[in-house]
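Beneath this line is the structure, given in structure tokens, with notes to follow.
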Amino acid sequence: MQRVLRGPRGNWGVSGGCHLLAAPPLPNIPAELGSGLGRLGQALKDQLPTWGGGWGGWTPPGMPPGPRPPEEADVVVVGGGVVGWSVAYWLKVLEGQRHGMRVLVVERDPTYSRASTVLSVGGIRQQFSLPENIRMSRFSASFLRDINEHLGVPNEPPIDIQFQPSGYLFLATPQGAAGLEATVRLQREEGARVALLSPAQLKAKFPWMDTEDVAVASYGLEDEGWFDPWTLLNAFRRKAASLGVHSCAGDVRGFVTSAEDAMPRRGLAPATARIKYVHIHMPDSLEYQPVACAIVVNAAGAWAGELLRAAGLPGGLAEPPLPIQPRKRYVYSWHCPDGPGFSCPLLVDTTGAYFRRDGIAGNYLGGMSPPEEEEPDPGDLSVDHDFFQERVWPRLARRVPAFASLRPRGAWAGYYDHNAFDRNGVLGPHPKLENLFLAAGFSGHGLQHAPAAGRAVAELVVKGRYESLDLRRLGWRRLVEGEPLGEDGVV
Amino acid sequence: MWGTGRGADPLLLPPPAPSRYCGFLRDTYGDNVVAAVFTLSCGGGVRFEGQERWIRPENLWRPEVLRLRDVPVVALDLSGTPLNYNGLDNLVPLTRLQHLDLSGCPHLDDWALGRLHVFGDSLRELSVARCPRVTERGLATLHHLRELRRLDVAGVRVPSPGLVRILLEEMLPGCQVLGMDLGDGTGTDSPPPPGGEKPPA
């Protein structure tokens with residue numbers, strides 16, 4: 297007995313298999329006992345872990361845990377952070393036919409110990425100076441507002457990203473005032489609701505602030521604030537997995553392109569090539585799986601540039617090099633009982649230092665991006681507490697006198713996927729590798745742009761052009777031609 | 441099998457028609473009529489400036505609302521209606537709204553509360569009591585409402601009601617906060633109905 301399931305996307309196909317065939321008749325047992333035993337059996341089966349397939353959760357020692365990569369996939373997404381899973385989710389939404397394409401997400405570190413997503417402060421704002429960034433943020437805000445309609449899975453509890461709509465407050469000195477006002481005009485044209493405040497208005501609204509040397513401030517009134525990145529990442533993962541996205545743990549370290557097949561013309565490197573295989577290396581092992589693929593999406597975040605360098609691409613195919621590098625950023629947490637109250641926004645000072653309220657018990661998070669010449673070594677995620685003592689704290693204490701006495705609680709470090717060219721994301725196809733798409737380099741605002749960037753790349757892959765957001769200016773062409781698209785509001 | 445079986449959480453179902461934007465009325469009749477028509481079609485009540493009576497959907501309201509088309513709306517009772525973020529499009533242009541009752545709205549969440557800043561100059565009484573999706577994070581956005589004198593937050597689920605009450609009182613110095621008391625997770629007895637006069641049920 298097989299039932300045909302229908303859902304909002306039409307015919308889902310036949311609901312599988314042997315467990316719906318008519319059960320053999322029970323011999324002479326009262327009906328309640330039979331169904332009771334059936335329920336007991338189902339409950340016991342549900343208790344068993346679903347990992348590990350046929351092994352029932354135990355794998356022989358020496359074998360890598362988790363599912364192995366398949367031998368072929370239509371789209372391989374390298375990187376299992378929020379951008380990678382967003383691309384995978386939108387690919388499934390736009391594919392048009394259930395199980396129309398096989399999408400594989402490859403994540404190097406399933407514990408996410410170094411992933412930028414989960415170490416992020418979690419802010420979302422529309423106050424950017426580039427129109428594309430403003431539009432991506434607005435798209436993402438409306439996505440997050442209706443997150444249960446997009447990412448809700450039946451029979452699971454509703455998703456709560458713990459969004460705090462407190463807004464961003466950017467302060468500007470007299471030198472920067474004209475620039476800030478021009479930026480606010482642009483943001484308002486794009487539909488963002490931003491208010492300009494004078495020092496007197498600032499003092500009235502936020503009496504805990506010292507407004508010395510502040511000429512004007514811009515305050516986001518709606519759809520700005522912060523949320524929990526882990527919840528968003530898990531929501532994307534769960535929904536994408538329920539739509540049929542495969543995932544595996546592994547490190548992509550090699551591409552096999554069609555350049556090896558083509559006859560070399562007098563030793564010249566081929567102009568373009570297609571990636572035919574992706575080599576996924578198993579963790580702690582020498583073995584690797586070549587996965588035949590049609591399309592590769594590079595969502596490796598801070599390591600997007602390193603992926604292309606290490607991929608063993610021949611000759612000029614790796615040119616121009618992708619200028620995306622990991623940059624270490626510290627986030628410090630402290631407790632201050634007399635600090636700013638409930639109305640505290642995410643304040644970005646004239647000096648670049650920022651902080652926000654964390655919960656309601658008088659805790660705050662903050663940090664600062666160091667100047668170029670003082671960039672810390674991104675080799676590991678160790679925290680430099682002197683940076684807080686000497687650089688961040690004095691600046692914040694000058695702006696908020698209550699912070700003169702605070703108790704540091706802890707700190708962590710994470711990576712920005714810093715685009716050294718112009719500090720904006722790179723989205724779109726590679727100039728030389730025909731089936732490689734890139735979605736990385738957001739330089740600190742990748743989390744808030746992830747839903748929009750995922751949709752944009754999925755539209756490029758499925759339909760061949762941008763439909764909901766026109767992000768052509770964020771493509772690779774500007775890197776090749778040397779025309780930076782600057783973003784002033786990088787925090 | 442969306443929306444059926446054990447997982448048929450009514451909060452997950454899309455809200456019905458009252459999130460439509462009655463923009464087609466705006467050009468002919470103005471913002472106040474748009475807000476009044478929207479509120480009345482949701483099942484709520486409207487009170488205009490200078491009027492003592494609330495207009496309710498049970499009465500014949502269409503001719504009366506048209507008669508008052510140039511009078512500002514000062515009070516809206518949207519308690520128990522399926523109002524949501526998009527439905528607020530109909531209300532945000534109001535400039536003289538003084539009393540807003542949003543208690544018991546099942547779809548009103550923190551994002552929607554973030555839109556109420558537009559009433560910062562006029563709103564004096566606000567109720568978000570018993571809204572299941574409102575949390576302390578949405579309450580933190582109410583600091584824009586400088587004229588607020590009564591805020592009813594009974595039944596709003598927050599982690600520590602006593603602390604949130606203190607933070608609210610600190611944030612809105614001239615405002616009386618009702619319904620969030622120490623040592624009680626869901627607020628105590630329901631406060632007297634705020635403002636205006638309601639006709640007997």
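Protein chains in written order, with this note's numbering: chain A, 297 to 787; chain B, 441 to 641. Quick reminder that beta carbons are idealized off the backbone N, C-alpha and C, glycines included.
Query                                                                                                                                                                             : Result
Go ahead and pull the three-state DSSP assignment for Gln460(A).                                                                                                                  : strand
For Phe699(A) and chain B, any beta-carbon pair shorter than 9 Å?                                                                                                                 : no
Are three or more beta carbon pairs between the region 761 to 773 of chain A and the region 423 to 438 of chain A nearer than 8 Å?                                                : yes
So what's Glu368(A) in DSSP terms, helix, strand or just coil?                                                                                                                    : strand
Three Cβ pairs or more, each shorter than 8 Å: is that satisfied between the region 467 to 480 of chain A and the region 612 to 629 of chain A?                                   : no
Does the CB of Asp550(B) have a neighbour CB from chain A at under 9 Å?                                                                                                           : yes
Spell out whether any CB of chain B is found under 9 Å from the CB atom of Ser331(A).                                                                                             : no
Establish whether the CB of Met611(B) and some CB of chain A are separated by less than 9 Å.                                                                                      : yes
By alpha-carbon positions, which one of His395(A), Val696(A), Gly706(A) ends up nearest to Lys499(A)?                                                                             : Val696(A)
When we look at the beta-carbon of Thr535(B) and count the other beta-carbons within 10 Å, is it buried (16 or more) or exposed?                                                  : exposed
Reducing DSSP to helix, strand and coil, say where Asn451(A) ends up.                                                                                                             : coil
By a C-beta neighbour count over all protein chains shown, 10 Å radius and 16 as the cutoff for buried, is Ala276(A) buried or exposed?                                           : Nothing in the structure corresponds to residue 276(A), since chain A is present only between 297 and 787.
Against Gly619(B), what residues of chain A qualify as contacts under a CB-to-CB distance less than 9 Å, listed in chain order?                                                   : Result: empty, since nearest Cβ-Cβ is about 17 Å, beyond 9 Å.
Hey, is Leu608(B) close to the ligand ATP, as in C-beta under 8 Å from one of its heavy atoms?                                                                                    : Although the ligand ATP was asked about, the structure shown includes no ligands whatsoever.
Given a cut-off of 9 Å, decide if Ala749(A) and Gly760(A) are closer than it, judged by their beta-carbon atoms.                                                                  : no
To be precise: take each residue of the region 431 to 465 of chain A, compare its Cβ to all Cβ atoms of chain B, and keep it if any distance is under 9 Å. Which residues remain? : Ala437, Leu440, Arg441, Asp442, Asn444, Glu445, Gly448, Val449, Pro450, Asn451, Glu452, Pro453, Pro454, Asp456, Gln458, Phe459, Gln460, Pro461, Ser462, Gly463
Mind checking whether Ala709(A) and Leu415(A) have CB atoms under 9 Å apart?                                                                                                      : yes
Does the beta carbon of Thr535(B) come closer than 9 Å to any beta carbon on chain A?                                                                                             : no
Determine whether the beta carbon atoms of Leu426(A) and Asn720(A) lie at a separation below 9 Å.                                                                                 : yes
Quick check on Gln616(B): does DSSP put it in helix, strand or coil?                                                                                                              : strand
Quick one: using the 10 Å Cβ neighbour count with 16 as the cut-off for buried, is Thr479(A) buried or exposed?                                                                   : buried
Going by DSSP, name the residue or residues bridged to His557(B).                                                                                                                 : His557(B) pairs with nothing; no bridge assigned.
Buried or exposed for Thr479(B), going by 16 or more other Cβ atoms inside 10 Å?                                                                                                  : buried
At 8 Å on the CB atoms, spell out the chain A contacts of Tyr469(B), in chain order.                                                                                              : Neighbours of Tyr469(B) on chain A: none; closest Cβ ~25 Å, over 8 Å.
Tell me, please, whether the CB atom of Glu587(B) is closer than 9 Å to any CB atom in chain A?                                                                                   : no
I'd like the list of long-range same chain contacts for Gly608(A), defined as Cβ closer than 6 Å, with 5 residues on each side in sequence excluded.                              : Gly550
Output yes or no for whether 9 Å exceeds the beta carbon distance between Val627(A) and Ala707(A).                                                                                : yes
Name the DSSP bridge partner or partners of Met664(A)?                                                                                                                            : Ala649(A)
Exposed or buried, which one is His584(B) when buried takes at least 16 other CB atoms within 10 Å?                                                                               : buried
Counting only Cβ pairs nearer than 9 Å, list the residues of chain B close to Gly278(A).                                                                                          : This structure gives no information on residue 278(A), because the portion of chain A shown stretches from 297 to 787.
So for Val604(B), helix, strand or coil by DSSP?                                                                                                                                  : helix
Suppose contacts are defined by Cβ-Cβ distances below 9 Å. Is Asp517(B) in contact with Gly485(B) by that definition?                                                             : yes
Between His539(B) and chain A, is the shortest Cβ-Cβ distance under 9 Å, so that the two count as touching?                                                                       : no
Take the Cβ of Trp347(A) as the centre, count every other Cβ of all protein chains shown within 10 Å, and call the residue buried at 16 or more, exposed below.                   : Annotation note: pLDDT 47 at Trp347(A) (below 50); position unreliable, coordinate value reported separately. Under this definition Trp347(A) is an exposed residue.
Relative to chain B, which residues along the region 639 to 672 of chain A have a C-beta separation below 8 Å, given in chain order?                                              : Ser639, Ile656, Ala657
Assuming contact is defined by CB atoms lying nearer than 9 Å, are Ile591(A) and Val371(A) in contact in what I supplied?                                                         : yes
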